[in-house]
Amino acid sequence: MASYKTNEFKGGLKILLDGDPYSIVENEFVKPGKGQAFSRVKIKNLKTGRVVERTFKSGDSVEAADVLDTDLQYLYNDGELWHFMHPETFEQLTADETAIGEAAKWIREQDICAVTLYNGQPLSVEAPNFVVLKITETDPGLKGDTSGGGGKPATLETGAVVSVPLFVQIDELIKVDTRTGSYVSRAKEE
Amino acid sequence: MSADSIVADWRPSATLEVLAARARMLAQIRAFFLERQVMEVETPLLSRHGVTDPALESLRLERAGIGGARWLHTSPEFPMKRLLAAGSGPIFQICKVFRDDERGRRHHPEFTLLEWYRPGLAMHALMDEVAALVRCVLHRQDLAMQRIAYRDLFCSRLGLDPWSASPDARREAAIRRQVPGAAMLDLDADGWLDLLLSHCLEPGLGQDAMSFVYDYPPSQAALARIRDDARPVAERFELYINGMELANGFQELTDAAEQRRRFERDLDDRRGRSQAPVPMDEPFLSALAAGMPETTGVALGLDRLLMIAVGATQIDQVLAFPVERA
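So the sequence lines, in the order shown, correspond to chains Z and C. Positions 1 to 190 (my numbering) are the ones given, in order, by the first sequence. Positions 1 to 326 (my numbering) are the ones given, in order, by the second sequence.
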């Protein structure tokens with residue numbers, strides 16, 4: 001099994017601790033005038049997203065986590081699992097509810113998603129930062145209101161609900177920022 | 001690498017104002033020692049011997065043109081002591097030193113050290129001289145000076161006696177002070193003290209003052225003489241300003257046999273930790289055997305002193321070209 005020494009620590013490095021994969025967020029080298037040196041790291045648990053701190057003795061080794069970031073194409077949801085395909089090898093992988101997380105609200109079949117694989121299996125899925133989706137349900141707004149002063153809820157084709165300006169209508173396409181879940185603009189078919 | 005970062009890479013990481021402050025600092029230090037009749041010396045950076053201390057890793061070069069294996073020094077201590085034994089009298093040196101595997105906000109694998117020796121001067125008098133030099137470089141004649149014994153520091157701040165506390169008590173103190181991951185660390189007795197000092201005590205030392213910590217546990221003597229009090233102490237001190245360690249000094253060990261035992265113990269430790277062996281400095285041991293005068297000595301990191309002088313938070317702000325763009 002591959003491992004890293006503390007002098008290889010840097011942001012983004014993926015390590016295995018207590019059976020969980022972590023990504024190093026920040027590494028600080030701490031050493032008294034003479035004597036034992038330490039690496040004080042901030043690490044993010046890739047399963048839970050929690051950031052914790054740990055202290056390592058300089059020279060210690062930590063097991064590398066088999067974590068890989070890759071782009072996969074979303075195929076379909078079978079009611080329980082989300083199916084993805086590697087665009088070049090055509091290998092198919094499935095993500096469960098934990099791995100898909102918030103991304104489930106935004107992705108459409110055929111979309112390319114950034115997927116983090118752990119031991120070859122999807123650990124987390126990120127929707128593209130911006131998606132274009134069709135409105136399937138919203139109250140008819142007031143005619144002629146183009147000020148965007150007010151807002152109303154709109155249900156999108158993926159089931160997500162976002163707040164949109166009053167002038168936006170059913171069957172229109174809108175652009176959404178998936179990081180904040182907010183409406184950006186009306187959009188045209190790509 | 002993008003075109004932008006290639007363009008950025010040729011530029012110094014320190015501002016020209018900081019580099020000018022560095023030049024002034026070097027001139028001030030030379031004037032300080034000239035006035036006190038301490039002679040400036042130069043000794044080799046490349047040596048046939050390395051440093052045995054397991055906490056220091058020397059960089060090694062092996063080329064036929066320089067006669068085989070050579071080590072870049074981690075401090076000029078051994079050859080400077082050979083000069084003392086040869087009768088040099090008080091001496092100082094400003095030089096680059098090299099330490100492998102040390103890189104961080106306050107660490108750089110190559111840095112500038114000021115080291116000086118004062119035959120006949122007692123340890124507390126040398127601390128006074130260090131304080132005078134720092135006040136001179138920082139233009140802060142009002143900068144307060146504090147002294148605290150290592151044991152008093154641990155007893156008062158952590159409720160832990162470093163001479164008698166069990167390894168478990170040391171670990172518990174680190175857990176109580178919420179050092180992250182302390183429960184999982186596997187350290188020896190001195191490792192725990194180093195952890196507590198660097199993580200829990202150092203950040204609070206020397207707040208807008210010079211804090212001198214002195215009289216270390218004998219297990220941390222390094223090259224200091226051990227004073228045989230009822231509770232033996234290593235006659236060693238460190239200076240801290242704004243939570244940063246700046247200098248380390250000793251009442252120097254002059255006993256050649258004891259020095260050889262310490263080197264051998266270091267080499268045993270290195271073997272136990274699978275660290276590279278290094279040849280101990282025999283000419284230095286011969287100099288001690290021939291007779292080195294009773295002396296104190298201190299090494300002070302000039303990059304860090306400059307950080308304080310210009311208010312920098314990262315060592316890269318005071319270096320023209322850090323290692324990544326050297």
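In this text, a Cβ means the ideal position worked out from N, Cα and C, and glycines have one as well.
Would DSSP call residue i helix, strand or coil?
{"i": "C/Met127", "result": "helix"}
{"i": "C/Thr52", "result": "coil"}
{"i": "C/Val18", "result": "helix"}
{"i": "C/Gln251", "result": "strand"}
{"i": "Z/Lys34", "result": "coil"}
{"i": "C/Val179", "result": "coil"}
{"i": "Z/Glu80", "result": "coil"}
{"i": "C/Pro218", "result": "helix"}
{"i": "C/Ile66", "result": "helix"}
{"i": "C/Ser327", "result": "Lying before the first or after the last residue shown, residue 327 of chain C is absent from chain C, which here runs from 1 to 326."}
{"i": "C/Phe92", "result": "strand"}
{"i": "C/Pro167", "result": "helix"}
{"i": "Z/Glu97", "result": "helix"}
{"i": "C/Gly191", "result": "helix"}
{"i": "C/Val137", "result": "helix"}
In chain order, what residues of the same chain have a beta carbon less than 7 Å from the beta carbon of residue i, not counting five sequence neighbours either side?
{"i": "C/Arg265", "result": "none"}
{"i": "C/Gln275", "result": "Pro54"}
{"i": "C/Pro162", "result": "Tyr150, Arg151, Phe154, Leu193 and Pro217"}
{"i": "C/Gln251", "result": "Met123, Ala224, Arg225, Glu235 and Thr296"}
If you measure from the beta carbon of residue i to each beta carbon in chain D, is any gap under 7 Å?
{"i": "Z/Arg108", "result": "Absent from the structure is chain D; the protein chains it does hold are Z and C."}
Between the C-alpha atoms of residue i and residue j, what's the straight-line distance to the nearest angstrom?
{"i": "C/Glu258", "j": "C/Ala183", "result": "36 Å"}
{"i": "C/Arg261", "j": "Z/Val125", "result": "59 Å"}
{"i": "Z/Ala64", "j": "Z/Ala2", "result": "6 Å"}
{"i": "C/Thr15", "j": "C/Cys155", "result": "43 Å"}
{"i": "C/Gln93", "j": "C/Gln37", "result": "13 Å"}
{"i": "C/Asp190", "j": "C/Val278", "result": "22 Å"}
{"i": "C/Thr74", "j": "Z/Asp18", "result": "37 Å"}
{"i": "C/His49", "j": "C/Gly68", "result": "12 Å"}
{"i": "C/Phe98", "j": "C/Leu267", "result": "20 Å"}
{"i": "C/Arg118", "j": "C/Ala221", "result": "19 Å"}
{"i": "C/Ser164", "j": "C/Val233", "result": "13 Å"}
Kindly indicate if chain Z contains any beta-carbon less than 7 Å away from that of residue i.
{"i": "C/Ala290", "result": "no"}
{"i": "C/Ala222", "result": "yes"}
I'd like the list of long-range same chain contacts for residue i, defined as Cβ closer than 8 Å, with 5 residues on each side in sequence excluded.
{"i": "C/Ser13", "result": "Asp316, Gln317, Leu319, Ala320, Phe321, Pro322 and Arg325"}
{"i": "Z/Gly150", "result": "Pro165 and Leu166"}
{"i": "Z/Gly108", "result": "Reading off the sequence shown, one finds Arg at residue 108 of chain Z, where the question assumed Gly. The answer, listed in chain order, is Tyr74, Val131, Leu133, Glu157 and Thr158."}
{"i": "C/Leu306", "result": "Val18, Ala21, Arg22, Met25, Ala312 and Val318"}
Strictly under 7 Å for the Cβ-Cβ distance: is residue i near chain C by that measure?
{"i": "Z/Gly33", "result": "yes"}
{"i": "Z/Asn45", "result": "no"}
{"i": "Z/Asn36", "result": "The residue you asked about is not Asn; residue 36 of chain Z is Gln in the sequence shown. For Z/Gln36, the answer is yes, since a Cβ of chain C falls inside 7 Å of its Cβ."}
{"i": "Z/Ile112", "result": "no"}
{"i": "Z/Glu8", "result": "no"}
{"i": "Z/Phe167", "result": "no"}
{"i": "Z/Arg54", "result": "yes"}
{"i": "Z/Phe84", "result": "no"}
By Cβ distance below 6 Å, which residues in the same chain neighbour residue i in space, the five residues on each side in sequence not counted?
{"i": "C/Ser211", "result": "Gln146, Leu205 and Tyr240"}
Give me the Cβ distance between residue i and residue j, rounded to the nearest whole Å; I'm assuming they're in contact under 8 Å.
{"i": "C/Glu235", "j": "C/Ala247", "result": "Rounded, the Cβ-Cβ distance is 15 Å, inconsistent with contact."}
{"i": "Z/Thr6", "j": "Z/Phe56", "result": "5 Å"}
{"i": "C/Asp100", "j": "C/Glu57", "result": "4 Å"}
{"i": "Z/Ile43", "j": "Z/Ser23", "result": "7 Å"}
{"i": "C/Arg176", "j": "C/Arg304", "result": "Actually they do not touch by this definition, with Cβ atoms about 30 Å apart."}
{"i": "Z/Val162", "j": "Z/Val176", "result": "6 Å"}
{"i": "C/Arg60", "j": "C/Pro283", "result": "So it is not a contact: roughly 18 Å between Cβ atoms."}
{"i": "C/Leu45", "j": "C/Cys95", "result": "7 Å"}
{"i": "Z/Val168", "j": "Z/Thr136", "result": "Not quite, the Cβ-Cβ distance comes to about 12 Å (not below 8 Å), so this is no contact."}
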